[in-house]
Amino acid sequence: MPERAHKIFRIQTLNQISPLGLKLFAPNRYIVGNDVTEPDAILVRSHNMLQMDIPSSVKAIGRAGAGTNNVPVKDMNLRGVPVFNAPGANANAVKELVLAGLLMASRNLIPAIRFTENLKGDDAALNKLAEDGKKQFAGIELPRRTLGIIGLGAIGRLVADAAIRLGMKVMGYDPNITVDAAWNLSSEVKRAESLEDLLRNSEFVTLHVPLLDTTRRLINHERVQHMKKDAILLNFSRDGIIDENAVLEGIESGKIKYYVCDFPSQRLQHHPGVITLPHLGASTLEAEENCAVMVVNQMIDHLENGNIVNA
Ligand code: MLT
1246 MPERAHKIFR IQTLNQISPL GLKLFAPNRY IVGNDVTEPD AILVRSHNML QMDIPSSVKA
1306 IGRAGAGTNN VPVKDMNLRG VPVFNAPGAN ANAVKELVLA GLLMASRNLI PAIRFTENLK
1366 GDDAALNKLA EDGKKQFAGI ELPRRTLGII GLGAIGRLVA DAAIRLGMKV MGYDPNITVD
1426 AAWNLSSEVK RAESLEDLLR NSEFVTLHVP LLDTTRRLIN HERVQHMKKD AILLNFSRDG
1486 IIDENAVLEG IESGKIKYYV CDFPSQRLQH HPGVITLPHL GASTLEAEEN CAVMVVNQMI
1546 DHLENGNIVN A
C-alpha cells in the first residue's frame, strides 16, 4: 500500500466516461467517486464547471473530449493547474455524424421521414401519397458540390478527406491556422482567401472551430448574407459559434435551406429548416473509450510524475 491513497478524484457525469479509462486508476492508489472531498483532480465530460467552486486541493483537471469551454481554463492556468483534454480522440465519431447530417439535409430525410410516418390508408392509398413525397422531397447529390470547412483541426481534416472521397470539392478556412506551412493539407483542399470567400462559394458549410472569444458568433448577420442561396449549414462544434437570430433570419429569407446542429435549441429546434441533435457527435463506444483513455493517462502521468503532456 502507498503511504496514502494519494490521488483522490471527483468524477462528474461518471456514466458518460468510459469504464475502460476509469480502470486505469489503480484501485489501491486512487479513490474514484463523485462525492469525494478535497480531490486531487477532477475528471469531467460535459458538466459545466464554469461557475463551480474548484477546491484548492485540485492539481489537475481532465476533460474527456476535445473542447474545454466547460472548464475555467484561464483561472486554472493562473492557479498553475493543468487542464488536459483529448484532441482528435473522438474525431472519427464526429466526422461520421457530420456525414450523416450532410446526407440528412441534402436528401431532405427528416421531413421525408415525418411525411411517411403520417401517411394513412391502405396500400394503394399509401403508394399514391408516396408519389407526392417523391416530388416534394427530391434532393441534391454531393459530387462536384462544394463543402466549405471552417476549422481544419483533427475533425475538419477528417471531414475534408471523407468529402473528397465522396466526390465533393472542398474549400477550407481556419481562423487559427495563420502560418502557411500548416496548410499542408491534401492538395485537393482549396484554401479560401477569407471566410467570406468560403461562404460565397460553398453549397455546404461545416463548422469545426473551438468556441473561443475569436470564434464566438463567427456566423453572424453579415456573414449569412455572403452565403449561397439554399446553402446547408452544419454545426457540430458549439452553438455559440453562430448567432441564432442571424441563422433564423437566413432560413426565413431562403439563404439557408437547412441548419443542422448537434445541440438542442429552445429557439430553433421546432423550425422546419432546422435539424437538431442532443450533442451526439462524440457519443460512440469507440470515441468514449479513446477520450477516457487519453485523458486519464495524461492525468496519471501528471499526478505520478509531474509531467504535463497534452495528447
Ligand atoms: C468534445 O468537445 O469533444 C465533445 O463535446 C465531447 C463530448 O460529447 O463530450
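FYI, the numbering for the sequence shown is 1246 to 1556, going by the working numbering.
Glycine included, every Cβ here is placed at the ideal spot set by N, Cα and C.
Cα-Cα separation between residue i and residue j, rounded to whole angstroms
| i | j | result |
| --- | --- | --- |
| residue 1323 | residue 1549 | 22 Å |
| residue 1531 | residue 1262 | 12 Å |
| residue 1331 | residue 1372 | 49 Å |
| residue 1546 | residue 1552 | 6 Å |
| residue 1534 | residue 1283 | 27 Å |
| residue 1268 | residue 1289 | 16 Å |
| residue 1337 | residue 1369 | 43 Å |
| residue 1450 | residue 1472 | 9 Å |
| residue 1454 | residue 1402 | 12 Å |
| residue 1494 | residue 1435 | 29 Å |
| residue 1515 | residue 1492 | 14 Å |
| residue 1304 | residue 1280 | 17 Å |
| residue 1399 | residue 1376 | 42 Å |
| residue 1310 | residue 1497 | 34 Å |
| residue 1452 | residue 1367 | 44 Å |
| residue 1384 | residue 1351 | 6 Å |
| residue 1505 | residue 1479 | 5 Å |
| residue 1278 | residue 1287 | 10 Å |
| residue 1445 | residue 1391 | 10 Å |
| residue 1406 | residue 1298 | 42 Å |
| residue 1499 | residue 1291 | 34 Å |
| residue 1422 | residue 1264 | 35 Å |
| residue 1470 | residue 1275 | 54 Å |
| residue 1345 | residue 1420 | 26 Å |
| residue 1523 | residue 1321 | 28 Å |
Neighbour-count burial assignment, residue i, 16 or more Cβ in a 10 Å radius
| i | result |
| --- | --- |
| residue 1313 | buried |
| residue 1543 | buried |
| residue 1343 | buried |
| residue 1459 | exposed |
| residue 1466 | exposed |
| residue 1447 | buried |
| residue 1359 | exposed |
| residue 1361 | exposed |
| residue 1536 | buried |
| residue 1347 | buried |
| residue 1293 | exposed |
| residue 1327 | buried |
| residue 1266 | buried |
| residue 1271 | exposed |
| residue 1335 | buried |
| residue 1538 | buried |
| residue 1319 | exposed |
| residue 1380 | exposed |
| residue 1396 | buried |
Near the ligand MLT: residue i beta-carbon under 7 Å from a heavy atom
| i | result |
| --- | --- |
| residue 1398 | no |
| residue 1468 | no |
| residue 1290 | yes |
| residue 1537 | no |
| residue 1345 | no |
| residue 1528 | yes |
| residue 1337 | no |
| residue 1370 | no |
| residue 1310 | yes |
Own chain residues within Cβ distance below 7 Å of residue i, not counting five before or after
| i | result |
| --- | --- |
| residue 1433 | 1409, 1415 |
| residue 1517 | 1356 |
| residue 1300 | 1283, 1284 |
| residue 1412 | 1387, 1388, 1389 |
| residue 1510 | 1484, 1489, 1521 |
| residue 1529 | 1338 |
Cβ shell of residue i (< 8 Å), same chain only, five flanking positions each side left out
| i | result |
| --- | --- |
| residue 1456 | 1312, 1314, 1482, 1483, 1485, 1486 |
| residue 1468 | 1440, 1441, 1444, 1491 |
| residue 1513 | 1489, 1492, 1493, 1504, 1506, 1519, 1521 |
Contact set for residue i: own chain, Cβ-Cβ below 6 Å, skip 5 residues either direction
| i | result |
| --- | --- |
| residue 1443 | 1393, 1416, 1418, 1437 |
| residue 1364 | 1371, 1374 |
| residue 1502 | 1475, 1477 |
| residue 1526 | 1339, 1342, 1481, 1507 |
| residue 1295 | 1317 |
| residue 1333 | 1399 |
| residue 1382 | 1353, 1357 |
| residue 1540 | 1307, 1309, 1329, 1331 |
| residue 1440 | 1418 |
| residue 1462 | 1488 |
| residue 1555 | 1329 |
Any non-hydrogen atom of the ligand COA closer than 7 Å to residue i Cβ
| i | result |
| --- | --- |
| residue 1524 | Of the ligands one can find in the structure shown, namely the ligand MLT, none is the ligand COA. |
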